[in-house]
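First comes the structure, then the notes that go with it.
In this note's numbering, the protein residues as written are 90 to 266.
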């Protein structure tokens, strides 16, 4: 944008600068009468006093023609720039129009993936909970078995003692006494 602003400032300076005709300047002592005969004399700034019936000098007409040509040229350049900017804006809007459906599709895919991720997390949490319950049940059974093993060992020791006592009583008193 800075380049465009520099060009506009330069163009304004160029348009406002005094214009000298590229044609040969011929000094004519008489004046042209615009709009028929007139007795009005040329007074003040050439641009503001030019009206129907006012005498105008050839140099002033040449300057105004040149300035008018400059303005027409600049107008054409501005129209070209406007068309170029307009074409760029249309191209941008087309690109944006093409991108919008793609973005919408990606957003839908993201929503589906997020929903699937939530379902997977819920499934994993359920599986973890089931595993924790099974682990707790196994620990409980293990503790019960350890307890039963202790009881069984106590019974086995008691039975072994009883068996020893029974064996002694069945065999009778020892014979050496």
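From the three backbone atoms N, C-alpha and C, an ideal C-beta is built for every residue, glycine too.
Check, Outcome
"State the start and end residues of the unbroken alpha helix (DSSP H) segment that holds residue 214.", "147 to 260"
"Roughly how many whole angstroms lie between the Cα atoms of residue 182 and residue 173?", "14 Å"
"Could you tell me the distance, in whole angstroms, from the CA atom of residue 253 to the CA atom of residue 214?", "58 Å"
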